[in-house]
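In the UniProt record's numbering, the protein residues as written are 1 to 148. Positions of the beta carbon are idealized from the N, C-alpha and C atoms, including for glycine. Structure, as structure tokens:
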């Protein structure tokens with residue numbers, strides 16, 4: 001179930017407070033890593049493309065950047081699942097390519113997550129049927145976009 005935004009049943013108003021945090025009017029606990037990696041999220045190419053395009057072009061997600069970076073930094077917890085790692089790398093790419101975001105202090109965390117996918121021995125690489133080299137190539141390409 002979508003909480004807010006694309007796919008949500010109804011719009012929930014946000015309330016910004018002085019410290020810079022962002023809250024729903026009716027604040028409830030949400031585990032963002034679990035939500036991002038949930039199996040009930042549509043895995044269709046069209047829905048994924050729309051979500052990634054929105055992350056790449058939306059000028060109003062700057063307040064949510066710490067949460068997205070936190071989700072992307074969860075690569076170690078899903079090193080056994082290439083599909084989820086690939087999804088996290090695509091989220092990182094969309095965040096990096098968004099011209100409205102100032103990554104600043106989040107670059108180190110993003111680079112660490114991408115480097116983990118490129119260099120570390122993934123649990124998924126044990127299975128010879130998994131093509132972990134494609135994921136590693138994509139992570140290396142993403143690192144080149146960060147640095148150049």
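In chain order, which continuous runs of the alpha helix (DSSP H) of length 4 or greater are located wholly inside the stretch 41–71?
-> Counting only runs that start and end inside the stretch 41–71, the alpha helix (DSSP H) elements of at least 4 residues fall at 45–57.
Just tell me which of 135, 123, 145 and 140 has its CA closest to the CA of residue 76.
-> Locating residue 76 in the chain shown gives position 76, where the first residue counts as 1. Nearest C-alpha to residue 76: 123.
CA-CA distance, residue 61 and residue 92?
-> If you number the chain shown from 1, residue 61 lands on position 61. If you number the chain shown from 1, residue 92 lands on position 92. Distance between the alpha carbons of residue 61 and residue 92 is about 14 angstroms.
Residue 137, DSSP secondary structure in three states | Here residue 137 is taken as the residue at index 137 of the chain shown, counted from 1. Correct three-state label for residue 137: helix.
Please check if any C-beta of chain D sits within less than 8 angstroms of the C-beta of residue 48.
-> Chain labels in this structure do not include chain D; a single protein chain is all it has.
Measure the Cβ-Cβ separation of residue 106 and residue 69 and say whether it is below 8 angstroms.
-> For this step, residue 106 is matched to residue 106 along the chain shown. For this step, residue 69 is matched to residue 69 along the chain shown. Yes. Within cutoff.
Flag this pair as yes or no: are the beta carbons of residue 114 and residue 143 separated by less than 8 angstroms?
-> Here residue 114 refers to the residue found at position 114 of the chain shown. Here residue 143 refers to the residue found at position 143 of the chain shown. Closer than 8 angstroms, so yes.
Under the three-state reduction of DSSP, which class applies to residue 100: helix, strand or coil?
-> For this step, residue 100 is matched to residue 100 along the chain shown. Coil, per DSSP.
Is residue 95 helix, strand or coil when you go by DSSP?
-> Counting from one through the chain shown, the residue named residue 95 turns up at place 95. DSSP places residue 95 in the helix class (H, G or I) of the three-state scheme.
Should residue 98 go down as buried or exposed, given a rule of 16 or more other Cβ atoms within 10 Å for buried?
-> Reading the chain shown from its first residue, position 98 is the one you call residue 98. Flag for residue 98 reads buried.
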